[in-house]
Amino acid sequence: MTMTLRAADGRAEIAVTDDESKAAALALKNFPTEAAAEGLVEISVPRELVDLVHMVLHAASRGEQLTIGSMPDELSTSVAADQLGISRPTLMKLIENGELDAHKVGTHTRIKTEDVRVFRRARLERQRRAFDELRELEEGLGS
């Protein structure tokens with residue numbers, strides 16, 4: 001299973017890698033169970049977790065609510081569509097067009113969680129590039 005941290009607004013998602021998961025298990029063994037009198041606890045954070053902890057603290061500093069949950073290795077089309085913010089029929093068209101890999105389990109279509117995550121990141125990157133190009137075009141016309 002893949003562990004995912006997601007901001008309540010659904011925009012920010014942090015996937016925890018296997019290395020980060022293993023590092024977290026190791027760090028947990030040395031984690032203090034009681035807070036210090038002044039309310040601060042010092043812990044050693046494995047290098048693999050520094051970015052993850054930073055992202056969580058950054059989201060918390062902005063007042064975002066975080067939801068922590070685990071995702072199965074494979075998703076139903078309904079869950080995958082929800083993760084991508086699209087309708088299930090649109091997802092099925094992406095699968096039919098070969099833009100997203102899927103396989104059948106009996107009569108049900110399943111999609112690997114990692115494939116959904118990769119597709120989502122690629123789509124966001126395309127959107128960012130398109131926005132940047134549009135902004136550059138607008139700046140070019142304005143000068």
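Using the UniProt record's numbering, read the sequence shown as starting at 1 and increasing by one per residue.
Glycine included, every Cβ here is placed at the ideal spot set by N, Cα and C.
Cutting at 8 Å between CB atoms, please list the residues of its own chain near residue i, excluding the five before and the five after it.
i: residue 169; result: Here the chain covers residues 1 to 143 and nothing more, so residue 169 does not appear.
i: ALA27; result: ILE43, SER44, VAL45, PRO46, LEU49
i: ALA60; result: LEU66
Could you name the residues of the same chain whose beta carbon sits closer than 6 Å to that of residue i, not counting the 5 residues immediately before and after it, in chain order?
i: ARG128; result: none
Between residue i and residue j, is the Cβ-Cβ spacing less than 8 Å?
i: ARG110; j: SER78; result: no
i: ASP73; j: THR113; result: yes
i: ARG120; j: LEU84; result: yes
Can you list, in chain order, the residues of its chain whose CB lies under 7 Å from that of residue i, leaving out five sequence neighbours each side?
i: ALA24; result: LEU49
i: LYS22; result: none
If I follow the unbroken alpha helix (DSSP H) through residue i, where does it start and stop?
i: THR113; result: 113-142
List the endpoints of the continuous beta strand (DSSP E) containing residue i.
i: VAL105; result: 103-105
i: ASP68; result: The residue asked about is misnamed: residue 68 is Ile in this sequence, not Asp. Here the beta strand (DSSP E) through ILE68 covers 66-71.
In angstroms, rounded to a whole number, what distance separates the CA positions of residue i and residue j?
i: GLU20; j: ARG117; result: 17 Å
i: MET71; j: GLU64; result: 21 Å
i: PHE31; j: ARG62; result: 26 Å
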